[in-house]
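S.K.: Numbering (the numbering used here), first residue to last: 21 to 907.
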Amino acid sequence: MHHAIKTLFAISILLANCALGKSQPSSSQPIKFKTLPQEKIYLQLDKPSYVVGERIWFRAFLIDAMTHLENSQSSAIYVELINSVDTLIKRVKIPESEAFSGSLFLDETMPEGLYTIRAYTSWMQNAGVDYFFKKKVYIGNSITSQVTSSISYEVLDDKKALATIRFEQKGSPLSSKKIDYYLNVSGKNKREKTLTTNSQGEIQIEYNPKQIDISKPFIHVNYAENMSNYERNYILPANTDFDVQFFPEGGNLVTGVMNCISFKAIQKNGFSTEVSGIIYDSENKKVSEFKSTHLGMGKFCVETDSSKQLYALVKNKQGEEKRFDLPKAEITPSLSVNARKNKIFVAIRSTDSISSYTLLGHCRGDIFCNKTISAQKVVSFDPEELNSGINTFLLLNKTGEPISERLVFVKPRNLPEVELSFDSTVYDKREKVNCTLKITDKKGKPVEGSFALATTDGSDVQIDPTSENIINYLLLSSDLKGYIEKPNLYFDPNYLQADEALDMLMQTQGWKRFDTSKALKGETGNPPFYLEKGQSITGVCGAGLLNIKKGGVPVTILGPKIGFFQSTETNPNGRFTFDGFLFPDSTQFTITAKQKKGLLKDAVEIEVDKDSFPPIIEEQIKPDEGSKISAKQLEAANFKYVNENGMMNFNLKDVEVIAHADAEPKLVTDAQYIFSSEEYVLSGKKLESLYGQPFSAVVQALPGLNAWNENYRGRNFEQRMYADENGKDIDEPGPKFAWDESIYTYNEVQGLDVSSLLSVHLLKINNYNDSSDPLGQYLVVLNFKKGRSLYTKPTPINIITVMPLGYARNYEFYQPKYDVPSVKENPLPDWRSTLAWEPKLKTNKKGEVSFSFYTADRESNYNFVLEGITKEGKPCSYVKQYYLFKK
């Protein structure tokens with residue numbers, strides 16, 4: 021991501037004392053603790069599930085990772101939508117305008133299924149993609165097909181399992197219909213097959229669970245007929261193979277003492293599995309036994325001897341048994357922590373009672389303890405005096421080297437309290453509701469802060485009261501690397517084992533955001549990603565026949581759409597930079613370079629630095645069970661879409677294969693026998709948004725070709741390239757391209773200028789049966805603007821057109837204004853699922869803020885979900901349901 025003002029900053033913390041009580045051990049030597057500042061993002065969405073044709077409305081809270089204050093330095097965030105098989109669907113760049121808020125439009129061609137929303141800043145990439153914000157959302161599609169499906173699984177024996185997928189259309193079984201599918205259980209796409217649904221609308225797909233060797237096996241199904249087009253990926257249960265890791269408390273298994281060991285069992289897909297087992301020593305003598313108690317985690321205690329290696333025989337739920345060796349016992353001391361009677365006691369587990377060590381404690385990089393400690397002493401802490409969240413205790417030897425570490429979680433306290441009031445007790449349909457929020461602390465004092473609130477129809481949107489919220493995300497999930505399964509459980513007051521389970525998580529998760537060892541050594545490194553403080557376009561110029569990089573070459577940039585013009589000269593390395601301006605997405609710039617003198621003034625080649633984005637890592641997604649969206653929400657969204665946009669129409673009697681722009685279009689009169697009756701047209705603003713991008717971006721924007729890339733070689737992954745006597749490729753796998761009554765391969769059209777296109781038509785070949793090359797059934801017909809063609813003379817090398825990722829357009833959340841009689845009397849029903857979206861609420865000095873919205877036509881319970889951050893950095897979450905109509 022090069023469009024940033026490169027700014028780098030670091031912090032050093034020097035604390036010599038710890039004021040946690042006079043009776044505690046004396047302070048040791050000052051500790052230098054140096055670390056790069058980090059950022060966190062939390063996204064609040066207007067609801068947990070959506071339907072295509074809607075917008076996902078979001079508010080991002082960008083905060084300092086240490087203090088949790090909204091004072092982070094980045095000027096932009098990136099929000100992405102990723103499908104269940106880890107393919108990027110959308111990406112937007114959001115600037116700060118009072119708050120980081122925006123939306124993602126869900127195209128009507130998107131397949132139904134579970135998606136991931138990911139958010140980050142450029143600076144956050146230094147901490148790694150594991151610390152990006154990620155949230156699962158379910159997206160339904162009732163527009164292109166009116167088809168829904170569900171799946172069930174049955175294990176027949178060790179080597180045979182059955183997936184049954186049931187299809188319905190408008191509530192009735194979709195019987196006697198052909199369903200195309202392929203099964204991916206090994207990382208390579210299997211050949212596409214076809215099954216016909218039975219009278220119950222079902223197909224059954226058999227697979228061998230033992231052959232699954234990837235963490236996210238899936239079935240891809242596709243149904244297309246007339247106006248219906250249904251496509252979906254179903255994630256399958258993973259192989260039952262499992263792994264168990266054992267974690268001695270403090271990191272070391274200490275010889276000669278009683279040790280507490282926590283363990284964690286996970287399946288191949290990264291999710292937990294329940295296990296039980298027995299511990300044996302090297303003489304095969306039973307030492308202890310254990311059983312998981314929470315999401316594959318548990319703990320047990322053993323006394324160890326360095327002469328005997330311990331091992332475990334572990335069984336999972338299926339009765340499969342595996343052997344695992346425990347860590348070897350050592351003489352190295354280890355930290356031990358116990359919490360009882362509202363105190364946290366920290367001690368050293370060791371046979372050495374003489375040596376002294378340094379006990380260092382910090383929370384998110386903020387040091388709260390620096391003490392001298394020995395094995396004979398116990399240090400106690402009052403949780404009330406510690407920061408909420410993950411607190412790290414570190415044991416240092418005389419040379420300052422860390423030898424043991426223990427994480428302890430302190431639950432939040434004194435969180436803000438929220439009161440929501442209305443200007444009336446009951447309301448009619450389409451009536452204005454005036455609301456006031458009052459936020460105070462535990463003592464009733466007003467709280468100032470920044471918040472977002474969503475109001476949704478309870479008949480459409482089901483709010484899970486235990487779902488992830490800003491509190492458990494900021495204090496727990498965001499500070500641990502890796503997947504945290506069901507983080508809300510640890511904060512559930514009704515879960516009696518929450519404290520014990522939370523402590524096991526602290527001992528088994530293993531990775532944390534702040535690397536204390538590196539911080540003690542001052543190893544901040546040279547972060548490869550910089551703080552983004554604005555937008556810029558950078559690149560390099562090579563001059564002359566030898567393309568030599570040289571300074572002093574004049575370079576200009578023109579952005580007609582935003583009325584921007586700027587000139588500069590290259591530096592001694594031939595590089596140029598344009599900055600100090602803002603531009604929205606889809607802004608096209610023309611950059612020109614020309615030498616000051618010489619016969620070859622135009623012999624300047626321009627290379628613009630491309631946007632670079634973080635990789636998409638595999639996200640844990642549990643096996644699918646079917647639609648996670650209510651029929652009412654689907655029906656309401658479909659009705660709203662049709663009334664606003666009209667019925668989608670894919671049918672055309674004839675298919676045009678476009679000739680030269682200055683010639684009359686020629687019709688393939690028998691096209692209906694060659695191609696299916698469906699046609700997708702990419703034109704207008706959607707096509708214009710791709711101007712400046714390579715032609716591959718146009719191909720990937722077409723339905724059915726989203727996952728295609730230049731390296732596609734068919735599902736058999738074989739190189740199937742043939743050439744005629746003139747050396748022309750005649751059987752390149754993948755889609756074909758038509759222009760002027762001729763067919764071309766991608767290699768022959770890949771260099772065309774996207775801005776020369778007027779429209780792109782996608783056709784599907786009838787009766788296509790080459791299962792090794794499923795994308796070969798697509799024909800992409802190119803229609804050029806007047807005077808442009810496939811052979812249009814290329815732009816000179818000293819002139820280049822680019823369209824970098826700019827700021828997303830700021831859409832305003834729409835709600836009808838029923839104070840206008842003509843609007844209130846509109847006969848079309850109001851079935852909004854999101855009634856109000858207020859992403860920029862700020863409380864005043866009284867702790868209050870007001871907003872309003874209009875009720876809709878259904879007399880339902882309304883959900884009110886408020887989240888935010890106070891000026892003191894305390895997270896706030898409020899979820900409540902109200903019935904506002906007359907009973």
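The beta carbon of each residue, even a glycine, is placed where N, CA and C say it ideally should be.
On a predicted model such as this, the values are computed, not experimentally measured, just so you know.
Suppose you measure from the CA of residue 687 to the CA of residue 786; what does that come to, to the nearest Å?
M.R.: The count along the sequence shown starts at 1 and reaches residue 687 at position 667. The count along the sequence shown starts at 1 and reaches residue 786 at position 766. Confidence is the limiting factor: at residue 687 the pLDDT is only 36, short of 50, which leaves the residue's position unreliable, though a coordinate-based value still follows. Rounded to the nearest angstrom, the two C-alpha atoms are 18 Å apart.
S.K.: Can you give the Cα-Cα distance for residue 389 and residue 455, rounded to whole angstroms?
M.R.: Position 369 of the sequence shown, counted from the first residue, corresponds to residue 389. Position 435 of the sequence shown, counted from the first residue, corresponds to residue 455. Between residue 389 and residue 455, the C-alpha separation is close to 45 Å.
S.K.: Does the Cβ of residue 780 have 16 or more other Cβ atoms within 10 Å, making it buried, or fewer, making it exposed?
M.R.: Residue numbering aside, residue 780 sits at position 760 when the sequence shown is read from its first letter. With 16 or more Cβ atoms within 10 Å of its Cβ, residue 780 is classed as buried.
S.K.: Quick one: residues in its chain with C-beta nearer than 6 Å to the C-beta of residue 959, no 5 flanking neighbours on either side, listed in chain order?
M.R.: No information on residue 959 is available, as it lies outside the stretch 21 to 907 that the chain covers here.
S.K.: For residue 477, I'd like the list of residues in its chain whose CB is within less than 6 Å of its CB, leaving aside the five on either flank, ordered along the chain.
M.R.: For the purposes of this step, residue 477 is taken as residue 457 along the sequence shown, with counting starting at 1. The residues are 853, 880.
S.K.: Using three-state DSSP, classify residue 524 as helix, strand or coil.
M.R.: Residue 524 sits at position 504 when you count from the first residue of the sequence shown. Correct three-state label for residue 524: helix.
S.K.: Inspect the CB distances between the segment 379-394 and the segment 408-419 and report whether three or more fall short of 8 Å.
M.R.: Yes, the segment 379-394 touches the segment 408-419.
S.K.: Taking the alpha-carbon of residue 882 as reference, which of 192, 333, 480, 516 has the nearest alpha-carbon?
M.R.: The residue you call residue 882 lines up with position 862 of the sequence shown. That would be 480, whose Cα lies nearest to the Cα of residue 882.
S.K.: Just the Cα atoms here: how many angstroms apart are residue 711 and residue 717?
M.R.: Position 691 of the sequence shown, counted from the start, is the residue given in the question as residue 711. Position 697 of the sequence shown, counted from the start, is the residue given in the question as residue 717. Whole-angstrom Cα-Cα distance: 9 Å.
S.K.: Which two residues bound the contiguous alpha helix (DSSP H) that contains residue 717?
M.R.: The sequence position of residue 717 within the sequence shown is 697, counting from 1. Start and end: 715-720.
S.K.: Starting from the C-beta of residue 181, find all residues in its chain whose C-beta is less than 6 Å away, skip the five residues before and the five after it, and write them out in chain order.
M.R.: The sequence position of residue 181 within the sequence shown is 161, counting from 1. Excluding sequence neighbours, residue 181 sits near 175, 227, 229.
S.K.: Going by Cα to Cα distance, which pick from 493, 83, 95 is closest to residue 600?
M.R.: Position 580 of the sequence shown holds residue 600. For residue 600, the nearest C-alpha among the options comes from 95.
S.K.: Counting only runs that start and end within the segment 210-287, where is the alpha helix (DSSP H) found for 4 or more residues in a row?
M.R.: None, since the segment 210-287 contains no complete alpha helix (DSSP H) of that length.
S.K.: So is residue 319 buried or exposed if we call it buried at 16+ other beta carbons inside 10 Å?
M.R.: Stepping through the sequence shown from its first residue, residue 319 is reached at position 299. Buried: at least 16 other Cβ atoms inside 10 Å.
S.K.: With H, G and I counted as helix, E and B as strand and the rest as coil, what does DSSP make of residue 843?
M.R.: On the sequence shown, residue 843 is found 823 positions in, with the first residue counted as 1. The answer is helix: DSSP assigns residue 843 an H, G or I state.
S.K.: Count the other CB atoms, across all protein chains shown, that sit within 10 Å of the CB of residue 268; report buried if there are 16 or more and exposed otherwise.
M.R.: For the purposes of this step, residue 268 is identified with residue 248 of the sequence shown, where counting begins at 1. Buried, since its Cβ has 16 or more Cβ neighbours within 10 Å.
S.K.: I'd like the list of long-range same chain contacts for residue 144, defined as Cβ closer than 6 Å, with 5 residues on each side in sequence excluded.
M.R.: If you number the sequence shown from 1, residue 144 lands on position 124. Excluding sequence neighbours, residue 144 sits near 59.
S.K.: Measure the C-alpha to C-alpha separation of residue 565 and residue 620 and round it to an integer number of angstroms.
M.R.: Here residue 565 refers to the residue found at position 545 when the sequence shown is read from its first residue. Here residue 620 refers to the residue found at position 600 when the sequence shown is read from its first residue. If you take the alpha carbons of residue 565 and residue 620, they lie about 9 Å apart.
S.K.: For the alpha helix (DSSP H) containing residue 768, name the first residue and the last one.
M.R.: Locating residue 768 in the sequence shown gives position 748, counting from the first residue. That run of the alpha helix (DSSP H) goes 766-769.
S.K.: In angstroms, rounded to a whole number, what distance separates the CA positions of residue 184 and residue 173?
M.R.: Locating residue 184 in the sequence shown gives position 164, counting from the first residue. Locating residue 173 in the sequence shown gives position 153, counting from the first residue. Taking the straight line joining both Cα atoms gives about 6 Å.
S.K.: Does the segment 107-123 come close enough to the segment 828-836 to have 3 or more Cβ pairs within less than 8 Å?
M.R.: Result yes; three or more Cβ-Cβ pairs closer than 8 Å.
S.K.: Measuring straight from C-alpha to C-alpha, what distance separates residue 761 and residue 656?
M.R.: Your numbering for residue 761 matches position 741 in the sequence shown. Your numbering for residue 656 matches position 636 in the sequence shown. If I take the Cα positions, the gap works out to 44 Å.
S.K.: Cα separation between residue 859 and residue 99?
M.R.: Here residue 859 refers to the residue found at position 839 when the sequence shown is read from its first residue. Here residue 99 refers to the residue found at position 79 when the sequence shown is read from its first residue. Answer to the nearest angstrom: the Cα atoms are 16 Å apart.
S.K.: Would you check if there are 3 or more beta carbon pairs closer than 8 Å linking the segment 251-265 to the segment 214-221?
M.R.: Too few Cβ pairs lie closer than 8 Å, so no.
S.K.: Taking the CB atoms as reference points, tell me whether residue 842 and residue 805 lie closer together than 8 Å.
M.R.: As a first step, residue 842 is located in the sequence shown; it is residue number 822 there, counting from the start. As a first step, residue 805 is located in the sequence shown; it is residue number 785 there, counting from the start. Going by C-beta atoms, residue 842 is not nearer than 8 Å to residue 805.
S.K.: Tell me, please, which residues DSSP counts as bridged to residue 189.
M.R.: As a first step, residue 189 must be located in the sequence shown, where it is residue number 169. Answer by DSSP bridge pairing, in chain order: 167, 192.
S.K.: If you draw a straight line from the C-alpha of residue 904 to the C-alpha of residue 403, how long is it?
M.R.: Within the sequence shown, the letter at position 884 stands for residue 904. Within the sequence shown, the letter at position 383 stands for residue 403. Roughly 42 Å separates the two Cα atoms.
S.K.: Would you check if the distance between the CB atom of residue 297 and the CB atom of residue 333 is smaller than 8 Å?
M.R.: Translated into the one-based positions of the sequence shown, residue 297 becomes position 277. Translated into the one-based positions of the sequence shown, residue 333 becomes position 313. Cβ atoms of residue 297 and residue 333: closer than 8 Å.
S.K.: Which residue comes first and which comes last in the alpha helix (DSSP H) that contains residue 788?
M.R.: Here residue 788 is taken as the residue at index 768 of the sequence shown, counted from 1. Premise fails: residue 788 is in no alpha helix (DSSP H) and is neither H nor E.
S.K.: State buried or exposed for residue 491, treating a residue as buried only when at least 16 other CB atoms are found within 10 Å of its CB.
M.R.: For the purposes of this step, residue 491 is identified with residue 471 of the sequence shown, where counting begins at 1. Looking at its Cβ environment, which holds 16 or more other Cβ atoms inside 10 Å, residue 491 is buried.
S.K.: Can you grab the Cα-Cα spacing for the pair residue 848 / residue 78, in whole Å?
M.R.: Here residue 848 refers to the residue found at position 828 of the sequence shown. Here residue 78 refers to the residue found at position 58 of the sequence shown. Each residue's alpha carbon lies about 28 Å from the other.
S.K.: For residue 316 versus residue 286, is the C-beta distance shorter than 8 Å?
M.R.: For the purposes of this step, residue 316 is taken as the residue at position 296 of the sequence shown. For the purposes of this step, residue 286 is taken as the residue at position 266 of the sequence shown. Contact flag set, yes.
S.K.: Could you please give me the residues that DSSP links to residue 364 through a beta bridge?
M.R.: Here residue 364 refers to the residue found at position 344 when the sequence shown is read from its first residue. 359, 401, per the DSSP bridge assignment.
S.K.: Starting from residue 102 and walking both ways along the beta strand (DSSP E), at which residues does that stretch end?
M.R.: For this step, residue 102 is matched to residue 82 along the sequence shown. First-last of the beta strand (DSSP E) with residue 102: 96-102.
S.K.: Distance, Cα to Cα, residue 238 vs residue 204?
M.R.: One-based indexing of the sequence shown puts residue 238 at position 218. One-based indexing of the sequence shown puts residue 204 at position 184. If you take the alpha carbons of residue 238 and residue 204, they lie about 5 Å apart.
S.K.: Do residue 273 and residue 300 have their C-beta atoms closer together than 8 Å?
M.R.: Counting from 1 along the sequence shown, the entry for residue 273 is found at position 253. Counting from 1 along the sequence shown, the entry for residue 300 is found at position 280. For residue 273 and residue 300, no; Cβs fall outside 8 Å.
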